[in-house]
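**Student:** In full-length UniProt numbering, the protein residues as written are 7 to 484. Every residue, glycine too, gets a C-beta built ideally from N, C-alpha and C. Handing you a structure now.
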Ligand code: 6PG
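Pasting the structure below:
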């Protein structure tokens, strides 16, 4: 018997993906650099389906039906290159290598081009949902050629999560690095989502004076409404959890320094290159960096804060509703920014990504799965080229309804000295986009003053320079 697909790299994600495939009736070849792990895998999970264990990469290749489909589940970066090299040496033209790790999309573009020259298909694939998703249905974002998707798509769609309407959370994102690009932005949005949730918690705790268990209940309530999402759901779980050692709230004994592996940072770096303003995602990444700057924080701890540090109780009662509004509005902004980055990347690399389809495959399986992704899908279905989801009637109405509360939350945070960079950046983005005129005009004037960088006028075509050091008359530029 031959395997329909193979998985090399049997750490927890690879292991669970292989089990997911086998449980769906697909014979799976399994391989790991250290063969002991393959043997342990078979011992533990061998009865879950048909597995063909391979001790060597040659045996792995031999056990796959042609054209071969091989999924790599190893650490992004150099380990991925090493496995690709090994694997490519034993494959034949027409075979497919799927990289299911969190690779940088530029690496994926490079690898795809190199393997294409050897007649191999390279399918950089974003997979979201953590360990549990890999086993029970992740959201899958494959890039690569149409031909490769034809051979792989049905298998991947089979093991992917299903949205409430039954459609698989997997679609062909676009050529070469498109899949990993979209996964990168997914993670950037994940950072923003988590930062906004963290700010909501912080405000409820340190402005309204609620205890973690009470805040958990508030999140549980929010999860019944428009904010319903996996991250809101698990926030309630984490906040309600009690530390066994101290008997106090778990959240109070965790070191407050958020770590990161790189995808959020890449989202912002890439956005800077593309000129896509993802300020909410950027604040989320910087908030993690700031939290981890232990020395800087220790040095600054004694700086003066405001006199007032708590809301009075009447205001405190209304506050949770205000925070819900601010959270929803800021979340809309973060997604709007992320989707705009996807559109900018798609235009830059000619990927032809359908943003509505991305919203659709994020509805289930992935970390940012949320009820409101249905609305984003609808917004793009009604106009695939819309400049921003913010102008979709559903979202513009929601922002209009939320804005008074959103502004109260941001000003309360500022008055009481509780940092809320995510909420503030989202509101500033909203107000900047709405503005009839921006002070960028003044910046242009300053640039022209000190560096003769020139400016354009609102009333005439062309570029101009004012003779600031002379009689201040205006001359055409260049
Ligand atoms: C997912 C997650 C997953 C991983 C992040 C965590 O979609 O399943 O995003 O990819 O949990 O990479 O990233 P940080 O360690 O940078 O928070």
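Under 6 Å from any heavy atom of the ligand 6PG, does the C-beta of residue 142 make it?
**Tutor:** No, since every heavy atom of the ligand 6PG falls outside the 6 Å radius drawn around the Cβ of residue 142.
**Student:** Taking the straight line between their C-alpha atoms, what separation do you get for residue 217 and residue 223?
**Tutor:** C-alpha separation (whole angstroms): 10 Å.
**Student:** Taking the Cβ atom as the reference point for each residue, do residue 221 and residue 209 lie within a distance shorter than 7 Å?
**Tutor:** No, these two residues do not count as a Cβ contact at 7 Å.
**Student:** Could you give the C-beta distance for residue 405 and residue 312, rounded to a whole number, given that I count them as a contact under 8 Å?
**Tutor:** No, residue 405 and residue 312 are not in contact; Cβ-Cβ is about 28 Å, not under 8 Å.
**Student:** What residue range is occupied by the uninterrupted beta strand (DSSP E) comprising residue 471?
**Tutor:** Element bounds for residue 471: 469 to 472.
**Student:** Given that a residue counts as buried once 16 or more other Cβ atoms are within 10 Å of its Cβ, and exposed if not, what is residue 47?
**Tutor:** By the neighbour-count rule (16 or more Cβ atoms within 10 Å), residue 47 is buried.
**Student:** Can you give me the start and stop residues for the alpha helix (DSSP H) that residue 91 sits inside?
**Tutor:** Looking at the DSSP string, the run of the alpha helix (DSSP H) that includes residue 91 is 84 to 96.
**Student:** Confirm, please, whether the CB-CB distance from residue 114 to residue 186 is below 7 Å.
**Tutor:** It is a contact, given that the beta carbons lie within the stated cut-off.
**Student:** Given this structure, state the Cα-to-Cα distance separating residue 304 from residue 252, to the nearest angstrom.
**Tutor:** When rounded, the distance between both Cα atoms is 25 Å.
**Student:** Tell me which residue opens and which closes the alpha helix (DSSP H) that residue 276 is part of.
**Tutor:** From DSSP, the alpha helix (DSSP H) with residue 276 extends over 269 to 280.
**Student:** Quick check on this structure: which residue in 447, 31, 41 has the alpha carbon closest to the alpha carbon of residue 53?
**Tutor:** That would be 31, whose Cα lies nearest to the Cα of residue 53.
**Student:** Using three-state DSSP, classify residue 230 as helix, strand or coil.
**Tutor:** The answer is coil: DSSP assigns residue 230 none of H, G, I, E or B.
**Student:** Compare the beta carbon distance of residue 242 and residue 232 with 7 Å and say whether it is the shorter of the two.
**Tutor:** No, Cβ-Cβ distance for residue 242 and residue 232 is not below 7 Å.
**Student:** Could you spell out where the alpha helix (DSSP H) holding residue 30 opens and where it closes?
**Tutor:** Per DSSP, residue 30 belongs to no alpha helix (DSSP H) and is neither H nor E.
**Student:** Expressed to the nearest angstrom, what Euclidean distance is found between the alpha-carbon atoms of residue 450 and residue 469?
**Tutor:** Answer to the nearest angstrom: the Cα atoms are 11 Å apart.
**Student:** What is the DSSP secondary structure of residue 383, reduced to helix, strand or coil?
**Tutor:** Three-state DSSP puts residue 383 in a helix.
**Student:** Would you mind stating whether residue 359 and residue 374 have Cβ atoms separated by less than 7 Å?
**Tutor:** Result no, Cβ atoms of residue 359 and residue 374 do not sit closer than 7 Å.
**Student:** If you follow the beta strand (DSSP E) that residue 440 is in, where does it begin and where does it stop?
**Tutor:** Premise fails: residue 440 lies in the alpha helix (DSSP H), 427 to 440, not in any beta strand (DSSP E).
**Student:** Spatial neighbours of residue 55 within its chain, please: CB distance less than 6 Å, with the 5 preceding and 5 following residues excluded, ordered by chain position.
**Tutor:** Result list for residue 55: 28, 29, in chain order.
**Student:** Quick check: does the Cβ of residue 266 come within less than 6 Å of any heavy atom belonging to the ligand 6PG?
**Tutor:** Yes, Cβ of residue 266 sits closer than 6 Å to a heavy atom of the ligand 6PG.
**Student:** With a 10 Å radius around its C-beta and 16 neighbouring C-beta atoms as the bar for buried, classify residue 289 as buried or exposed.
**Tutor:** Residue 289 is buried by the Cβ-count criterion.
**Student:** Using a Cβ-Cβ distance cut-off of 7 Å, determine whether residue 205 contacts chain B.
**Tutor:** Among the protein chains of the structure shown there is no chain B, as only one such chain exists.
**Student:** Assuming residue 357 and residue 148 make a contact with CB atoms under 8 Å, what is their CB distance in whole Å?
**Tutor:** Actually they do not touch by this definition, with Cβ atoms about 12 Å apart.
**Student:** Determine the extent of the beta strand (DSSP E) in which residue 105 is found, giving its start and end residues.
**Tutor:** Counting along the chain, the beta strand (DSSP E) containing residue 105 begins and ends at 102 to 105.
**Student:** With distances taken from CA atoms, which of 408, 24, 385, 39 is nearest residue 139?
**Tutor:** Among 408, 24, 385, 39, the Cα nearest to that of residue 139 belongs to 24.
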